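Chemist:
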Amino acid sequence: MPSPSIPQPSILISRTLPAESVANARSRADVDFNDADSPLPRPELIRRLQGRQGLVCLITDAIDAELLAACPELKVASNVAVGFNNIDVAAATKRGVVITNTPDVLTETTADFAWTLLMAAARRLVEADRYVRDGKFTQWKYMLLLGGDIHGKTLGIVGFGRIGRAMARRAQGFGMRVLYQDAVGADAATERELRATRTDTATLLRESDFVTLHTPLLPETRHLINAQSLKTMKRTAYLINAARGPIVDEAALAQALEEGWIAGAGLDVFEEEPKVHPGLMGLPNVVLAPHIASASSETRLQMANLAVENCLAVLEGKTPLTPVNPEALKLR
Ligand SMILES: NC(=O)c1ccc[n+]([C@@H]2O[C@H](COP(=O)([O-])OP(=O)(O)OC[C@H]3O[C@@H](n4cnc5c(N)ncnc54)[C@H](O)[C@@H]3O)[C@@H](O)[C@H]2O)c1
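Under my numbering, the sequence shown is numbered contiguously, ending at residue 345.
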């Protein structure tokens with residue numbers, strides 16, 4: 014319990030989170046909690062942040078320079094996600110606002126789902142399910158819903174960080190060759206352990222049977238996969254995106270899938286969520302998911318717990334577990 018002379022920190026949790034995480038926050042802070050599972054309209058978010066030092070926010074909250082200027086008492090914004098492209102980190106650092114995220118706890122769950130998309134796209138699982146439900150399974154057919162093999166193929170990983178490497182680990186079990194492209198090379202021991210070879214983007218696109226994206230969304234990764242990259246890929250290849258939508262030019266992807274430049278795709282994220290490019294909606298060779306790669310009960314709880322801990326740590330004068338801009342801590 015804080016001593017009576019030290020006022021409890023005051024925080025806003027911008028959107029619904031598991032009850033256990035909210036209860037933890039309430040035991041240590043004065044908490045305003047939006048328990049609706051929809052984002053607060055921006056003016057309300059700003060209004061409810063007045064006089065509060067901490068924010069636990071979601072990827073649907075845009076934390077930009079204007080919001081930071083309107084909330085001068087804010088000391089920490091704790092994102093419940095590993096990606097933080099919804100936050101202007103430079104503007105926050107300038108104001109001494111600490112930004113935190115939730116790496117590691119979601120790595121395996123996210124890779125599990127990216128792998129699910131990969132398998133579902135290659136083996137046409139969603140089409141098969143629809144076929145049965147539509148009453149079309151009236152007899153076994155030799156050539157029915159032929160897909161592409163996964164085992165023994167080449168996996169190209171773009172962004173060889175935590176989740177990218179977790180994909181490489183999964184590829185081992187399928188006897189796959191692993192190529193990767195990253196702004197930074199992995200050390201030799203990691204490459205050996207994961208049997209992964211660093212290559213340039215063009216080679217990766219040309220040689221991979223599956224291309225899976227795991228970079229953050231940055232100015233340099235926006236439309237990293239565009240018409241030209243899709244034309245470089247094999248006609249039998251599949252594209253998997255469980256990173257961020259704008260890394261792929263969605264209009265170009267729709268054309269590629271429609272015209273058979275590549276065989277298929279699995280997408281968890283979209284350029285303008287929750288909108289999906291209309292050209293994708295009617296295509297049978299793309300599996301679509303509503304941004305749920307980290308959505309297991311266990312992981313969503315761990316993410317929320319970590320975000321609450323990060324937020325309260327800063328307000329209690331401790332070092333948060335996973336700061337994005339540790340330099341802001343020095344400005345406090
Ligand atoms: N769909 C989801 O629900 C979901 C869940 C978790 C993470 N994500 C996304 O996945 C991303 C990766 O997460 P992580 O924990 O693996 O992050 P990470 O920081 O461990 O890995 C990112 C990798 O991308 C590399 N990279 C950066 N810029 C690059 C560039 N221009 N070209 C090539 N590589 C580049 C980095 O060097 C790093 O190795 C997150 O930023 C997030 O946006 C999505």
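We put the beta carbon where it would ideally sit given N, CA and C, even for glycine. Bear in mind the structure is a predicted one, so any value in this text is a computation, not a measurement.
#1: In terms of alpha-carbon separation, which member of SER242, VAL145, GLU233 and LEU119 lies closest to GLY169?
#2: Could you give the residue range of the beta strand (DSSP E) that holds GLY277?
#3: What is the DSSP secondary structure of MET14, reduced to helix, strand or coil?
#4: On the premise that THR335 lies in contact with LEU319, defined as a C-beta separation below 8 Å, what is that separation, rounded to the nearest angstrom?
#5: Flag this pair as touching only if the stretch 292 to 308 and the stretch 125 to 140 have three or more C-beta atom pairs under 8 Å; answer yes or no.
#6: Given the structure, does THR228 come close to ligand 1, in the sense that its CB is under 7 Å from one of the ligand's heavy atoms?
#7: Under DSSP, the alpha helix (DSSP H) around ALA141 begins and ends at which residues?
#8: Give the straight-line distance between the Cα atoms of ALA49 and GLU33, rounded to the nearest whole angstrom.
#9: Jot down the residue ranges of each uninterrupted alpha helix (DSSP H) in the stretch 278 to 344, minimum 4 residues, whole runs only, in chain order.
#10: How big is the Cα-Cα spacing for GLN268 and LEU293?
#11: Residues bridged to ILE100 by DSSP?
#12: Does the beta-carbon of GLY96, which I'm using as the reference point, lie nearer than 7 Å to any heavy atom of ligand 1?
#13: When the distance is taken between beta carbons, is ALA256 closer than 8 Å to VAL282?
#14: So, do the stretch 51 to 63 and the stretch 76 to 89 have three or more beta carbon pairs nearer to each other than 8 Å?
#15: Using only the alpha-carbon positions, how far apart do GLU322 and CYS84 sit?
#16: Can MET327 be considered in contact with ligand 1, in the sense that its beta carbon sits closer than 7 Å to one or more heavy atoms?
#17: Shortest alpha-carbon distance to ILE163 belongs to which of GLN152, GLU329 and GLY188?
#18: In chain order, what residues of the same chain lie with their CB nearer than 8 Å to the CB of ILE24, ignoring the 5 residues before and after it?
#19: Alpha carbon to alpha carbon, what distance is there between LYS154 and THR115?
#20: For ASP74 and ILE26, I'd like the C-alpha separation in whole angstroms.
#21: Could you pull out every unbroken alpha helix (DSSP H) segment of at least 4 residues lying fully inside the stretch 221 to 286, listed in chain order?
#22: Please report the residue range of the alpha helix (DSSP H) in which ILE176 lies.
#23: Among all the DSSP beta bridges, which residues are the ones paired with LEU130?
#24: From this set, ILE72, GLY172 and GLU86, which residue's C-alpha is nearest ALA317's C-alpha?
#25: Let me check one thing: in DSSP terms, what residues is THR210 bridge-paired to?
#26: Considering only heavy atoms of ligand 1, does any lie closer than 7 Å to the CB of ALA306?
#27: Quick one: grab the DSSP three-state call for ASN47.
#28: Short of 7 Å in beta carbon distance, which residues of its chain neighbour THR332, apart from the five on each side in sequence? Order them along the chain.
#29: Take every Cβ of the stretch 216 to 228, pair it with every Cβ of the stretch 201 to 208, and state whether three or more of those distances are shorter than 8 Å.
Modeler: With the structure as the only source:
#1: Translated into positions along the sequence shown, residue 169 becomes position 156. The option with the nearest alpha carbon to GLY169 is SER242.
#2: For this step, residue 277 is matched to residue 264 along the sequence shown. Start and end: 277 to 280.
#3: Here the question's residue 14 lines up with position 1 in the sequence shown. With a pLDDT of only 49 at MET14, under 50, the local geometry of the prediction cannot be trusted, and the value read off the model is given with reservation. Three-state result, MET14: coil.
#4: By 1-based counting over the sequence shown, the position of residue 319 is 306. By 1-based counting over the sequence shown, the position of residue 335 is 322. With 8 Å as the limit, LEU319 and THR335 qualify as a contact, their Cβ atoms being about 7 Å apart.
#5: yes
#6: Counting from one through the sequence shown, the residue named residue 228 turns up at place 215. The answer is yes for THR228.
#7: Translated into positions along the sequence shown, residue 141 becomes position 128. Residues 138 to 146.
#8: Locating residue 49 in the sequence shown gives position 36, counting from the first residue. Locating residue 33 in the sequence shown gives position 20, counting from the first residue. So the alpha carbons of these two residues sit roughly 16 Å apart.
#9: 291 to 294, 310 to 328 and 340 to 343
#10: Against the sequence shown, residue 268 aligns to sequence position 255. Against the sequence shown, residue 293 aligns to sequence position 280. Between GLN268 and LEU293, the C-alpha separation is close to 9 Å.
#11: Locating residue 100 in the sequence shown gives position 87, counting from the first residue. DSSP lists ILE76 as partners of ILE100.
#12: Working through the sequence shown from its first residue, we reach residue 96 at position 83. It does: the Cβ of GLY96 is within 7 Å (strictly closer) of some heavy atom of ligand 1.
#13: One-based indexing of the sequence shown puts residue 282 at position 269. One-based indexing of the sequence shown puts residue 256 at position 243. Contact: yes.
#14: yes
#15: Translated into positions along the sequence shown, residue 322 becomes position 309. Translated into positions along the sequence shown, residue 84 becomes position 71. Each residue's alpha carbon lies about 21 Å from the other.
#16: Looking up residue 327 in the sequence shown gives position 314. Reading off the sequence shown, one finds Val at residue 327, where the question assumed Met. No - ligand 1 has no heavy atom lying nearer than 7 Å to the Cβ of VAL327.
#17: The sequence position of residue 163 within the sequence shown is 150, counting from 1. Nearest C-alpha to ILE163: GLY188.
#18: Stepping through the sequence shown from its first residue, residue 24 is reached at position 11. The answer, listed in chain order, is ALA38, ALA42, ASP43, VAL44, ASP45, ARG65, GLN66, GLY67, LEU68, VAL69, CYS324, LEU325 and LEU328.
#19: The residue you call residue 115 lines up with position 102 of the sequence shown. The residue you call residue 154 lines up with position 141 of the sequence shown. Rounded to whole angstroms, THR115 to LYS154 spans 47 Å at the Cα level.
#20: Here residue 74 refers to the residue found at position 61 of the sequence shown. Here residue 26 refers to the residue found at position 13 of the sequence shown. Straight-line Cα distance between these residues: approximately 11 Å.
#21: 240 to 245 and 263 to 272
#22: Translated into positions along the sequence shown, residue 176 becomes position 163. Here the alpha helix (DSSP H) through ILE176 covers 175 to 186.
#23: Here residue 130 is taken as the residue at index 117 of the sequence shown, counted from 1. Answer is none; LEU130 lacks a bridge partner.
#24: The residue given as residue 317 occupies position 304 in the sequence shown. Residue ILE72 is the option with its Cα nearest to ALA317.
#25: Here the question's residue 210 lines up with position 197 in the sequence shown. THR210 is bridged to LEU192.
#26: Numbered from its first residue, the sequence shown carries residue 306 at position 293. True, at least one ligand heavy atom lies under 7 Å from that Cβ.
#27: Position 34 of the sequence shown, counted from the start, is the residue given in the question as residue 47. ASN47 falls in the coil class under three-state DSSP.
#28: Translated into positions along the sequence shown, residue 332 becomes position 319. For THR332, where only same-chain residues beyond five positions count, the Cβ hits under 7 Å are ALA326 and LEU342.
#29: no
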